[in-house]
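Reading through the structure tokens given below for one structure.
In the working numbering, the protein residues as written are 48 to 712.
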């Protein structure tokens, strides 16, 4: 901060994680704060702390003090019908942050029918470590004052003061809004009467004034409204990230309200930080997970090797097991293996179909011994180092497939074992992508559907690497021409470019589940997807893991359900089945796949893959492995080379003789 910088700090910024309410992306906010020499910034998103860790890291990394806050919707029908009002809360310390997480979780998990929110009593019950701002023009105090209900406003402020003491500030905003203007005089009088400090804030929702029009369209998308409607909720052009000088001038008649922003920032000396992985102790508080893992792995490998076909000398298996156990214990991951093995064994005992193993975890002999996977890594020459490597420390991550119909039973088992409050899904966010944002903006602008649809379809369709709208406009002449010649299209595209990439909705990760050693609300605020019975973390996968939560994949796979039903049909006819995963030499199966008959076969049922099967004509499991590896963006161009070398039409190039044993298949 420069010596002559005006003493104002933004305490009421909403980030783009106030979904469809703000255009301020966390990275943009950090860059703006650094460029503006802002010593601190508080973000108070709507009922949520989705961005708390991301903002904490981003702002502090830019040399700016992050202040973690939340804007809570307050439902108190005794005072103001059923319309929600607002209170803004800021965390002063760790206790305050824990209280914010508890309140934000309550806002979703126990939300009233009208939407996420809490009662005033909920807030008054947890004042420790929390600065309370009365909510500006949308706050209950301002709404009561604007309605001329001075006694009710006074009684409310007294209740808040009794709970928060000197942590309460009467919040004033000047957005050129009628409620604020009508309430301000009474609020100032009551603040002086009750000896409460004033604070000036700006409810910032976009970066610059010229983004107001785009933000208006964003709010219409969120409310299924049209820009032409007069009776809709809007932000004012004043709700941008104003400079300290502009705010000081705006409140020049109340300089203490500006100065108090700095006082509040000084009082908030906490930011949430990353944590090492946190897992429940599988063996209890006094048990040694490392020893338990060694015991289970050795027993499991002995059972695997008894009477089985071996693909290396038995001593090689035991040496590999000892090596892997050493790495797993050195990296501190025995608990992860034990937890995964436990719920997989339980699923198999309940006759719930479980996949044989997928991804890099299939390279672990320990995983095979524990029955986490069912494929012998030695049979396929799989490398453990792809899964765990002490030189690249990261959590192990098993891709675990369960029967789609019964996946929920396994998750319920985990909830029963570790505690319902210690298990949750992971939130995920949908974004406004190129085609979708054109359609959304076109709808709120009420442009003809056919016209908008034609423009959206000009954006190239490439699921593997979807182009941005800017890339599409640059590469597609028809889009470029329409933008240049038609004012409506120009407004549509320009607005869409401004909104592209913003969050559009929250839902839950298809497979990710976290398990904690304590109530999860102490590690992450929680969210409730209306479509799911299980709560979810408010942090997405990246930030949940950063915050110490460990992800377990519970993938629901319809293929396993189909296979189980097919096997039951075969058994009902009295036919004998080959033990699962024992052999891979069924010529009839390869002949069928070589004709492209792969509908219902996992990862092989797309039209492109079936065409490739006809070309490759696989005759062994290694061909299938190579084909699945090759059939993805980039490697696809090598499929013809692979086929030519398989059938002797081209000589393989091993680069060096030492690589031939590895690359030959």
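For glycine and all other residues, C-beta sits at the position ideal for the given N, C-alpha and C.
Every value quoted in this text rests on a predicted model; they were computed, and no experiment measured them.
In the DSSP assignment, residue 267 falls within the alpha helix (DSSP H) that extends over 259 to 270. Within the DSSP bridge table, the entry for residue 640 names no partner.
Within the same chain, 526, 527, 530 and 540 come within 7 angstroms of residue 520 by CB-CB distance, once the 5 residues on both sides are set aside. By the C-beta criterion, the segment 490 to 509 is judged not to be in contact with the segment 605 to 615, since fewer than 3 inter-stretch pairs fall below 8 angstroms. For the options 409, 401 and 487, the alpha carbon positioned closest to that of residue 451 is the one of 401. Taking the CA atoms as reference points, residue 154 sits about 11 angstroms from residue 161.
By the criterion of a C-beta distance shorter than 6 angstroms, residue 572 is surrounded in its chain by 96, 148, 151, 152 and 585, once the five residues flanking it on both sides are discounted. Going by DSSP, residue 337 is part of the alpha helix (DSSP H) stretching over 336 to 352. Within its own chain, the residues whose Cβ lies closer than 8 angstroms to the Cβ of residue 493, once the five positions on either side in sequence are excluded, are 273, 274 and 275, listed in chain order. Taking a cut-off of 8 angstroms on C-beta distances, the segment 201 to 212 does not touch the segment 308 to 315, as fewer than three cross pairs fall below it. One alpha carbon belongs to residue 93, the other to residue 409, and they sit about 43 angstroms apart.
Straight-line measurement puts the Cα of residue 606 at about 7 angstroms from the Cα of residue 647.
Note on residue 683: under 16 other CB atoms within 10 angstroms of its CB, so exposed under the neighbour-count rule.
The Cβ neighbour count for residue 115, taken over all protein chains shown within 10 Å, is at least 16; the residue is labelled buried.
Burial state of residue 675 is exposed, judged by a 10 Å Cβ sphere holding fewer than 16 other Cβ atoms.
Of all C-beta pairs linking the segment 451 to 470 to the segment 417 to 426, fewer than three are shorter than 8 angstroms, placing the two stretches out of contact.
Taken through DSSP and simplified to helix, strand or coil, residue 386 comes out as helix. Residue 445 carries a coil assignment under DSSP once its states are collapsed to helix, strand and coil. Counting the other CB atoms within 10 Å of its CB gives residue 122 a total of 16 or more, which places it among the buried residues.
The beta-carbon distance between residue 593 and residue 321, rounded to whole angstroms, is 5 angstroms. This is short enough to meet the 8 angstroms contact definition. Of the candidates 81, 169, 390 and 366, 390 places its Cα closest to the Cα of residue 560. Collapsing the DSSP output to three states places residue 551 in a strand. Short of 6 angstroms from the beta carbon of residue 73, and not among the five residues preceding or following it, lie these beta carbons of its own chain, in chain order: 62, 98, 101, 102 and 105. Put simply, of 292, 336 and 590 the residue whose alpha carbon is nearest the alpha carbon of residue 249 is 292. Under the 8 angstroms Cβ criterion, the segment 456 to 466 does not count as touching the segment 242 to 256, having fewer than three qualifying pairs. Across the structure, residue 549 and residue 193 are spaced so that their CA atoms are roughly 34 angstroms apart. If you check the CB distance, residue 447 and residue 596 do not come in under 8 angstroms. The three-state reading of DSSP puts residue 580 in coil, since its state is none of H, G, I, E or B.
Per DSSP, residue 684 is not a residue of any alpha helix (DSSP H), being assigned neither H nor E.
Distances from the alpha-carbon of residue 179 to those of 143, 375 and 296 put 143 closest.
Taking 8 angstroms as the upper bound for CB-CB distance, residue 386 and residue 326 are in contact here, some 7 angstroms apart. One alpha carbon belongs to residue 699, the other to residue 634, and they sit about 26 angstroms apart. Residue state for residue 474 is assigned as strand, using DSSP reduced to three classes. Excluding sequence positions up to five before and after residue 255, its CB lies within less than 7 angstroms of the CB of 287, all in the same chain and listed in chain order. In the three-state reduction of the DSSP assignment, residue 227 falls in the helix class. Per the coordinates, the alpha-carbon of residue 366 lies some 24 angstroms from the alpha-carbon of residue 441.
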